[in-house]
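Residue numbering for the sequence shown follows the numbering used here, beginning at 297 and increasing consecutively. From the three backbone atoms N, C-alpha and C, an ideal C-beta is built for every residue, glycine too. These figures come from a predicted structure and were not determined experimentally. Since the structure comes first, as structure tokens, the remarks are kept for the end.
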Amino acid sequence: MLSRLFSWSVRGGLAGGAVYYSTQEGLWGDAKTTISMYERTCDKTKSLVKDVPIEFPTVDVPRPTEIGAFCRVNWNKAVYAAFDGLSAAPKKIRQWTSCGYDSLVKLINEPPKPVQG
Numbered sequence: 297m298l299s300r301l302f303s304w305s306v307r308g309g310l311a312g313g314a315v316y317y318s319t320q321e322g323l324w325g326d327a328k329t330t331i332s333m334y335e336r337t338c339d340k341t342k343s344l345v346k347d348v349p350i351e352f353p354t355v356d357v358p359r360p361t362e363i364g365a366f367c368r369v370n371w372n373k374a375v376y377a378a379f380d381g382l383s384a385a386p387k388k389i390r391q392w393t394s395c396g397y398d399s400l401v402k403l404i405n406e407p408p409k410p411v412q413g
């Protein structure tokens, strides 16, 4: 109970703090204060972004022939798997139905267990 209260208090505090801070910065004011807040935020973030070096990882792009061969092999595997599943479906459904029926019969025929308490 106390942990729930603490959790909701933290959430409410964060939400209230976000609303209070955004109001103080001018987000909810008129258009001029919102524009000035936007410009201040852009100026602050520009200096931060300049300090971060941008490094893009190198990615080896496969050749079109490799992609075609890969798709052909995997497409055939997918088709085989789909038809294997379809051909095995009646047998599997029969097994699952039999297992479910046996479990229900077993539950119906066994005497009820006494409740301990």
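DSSP three-state label for residue 350, please. Indexing the sequence shown from 1 puts residue 350 at position 54. In this structure, residue 350 counts as coil in the three-state DSSP scheme.
Which of the three DSSP states, helix, strand or coil, is assigned to residue 392? Position 96 of the sequence shown, counting from 1, holds the residue named residue 392. Helix.
Reducing DSSP to helix, strand and coil, say where residue 409 ends up. Translated into positions along the sequence shown, residue 409 becomes position 113. Three-state DSSP puts residue 409 in coil, outside helix and strand.
According to DSSP, is residue 308 part of a helix, a strand, or is it coil? Stepping through the sequence shown from its first residue, residue 308 is reached at position 12. Residue 308: helix per DSSP, three-state reduction.
Kindly indicate which three-state DSSP category residue 324 falls into: helix, strand or coil? Translated into positions along the sequence shown, residue 324 becomes position 28. In the structure shown, residue 324 sits in coil (DSSP, three-state: anything other than H, G, I, E or B).
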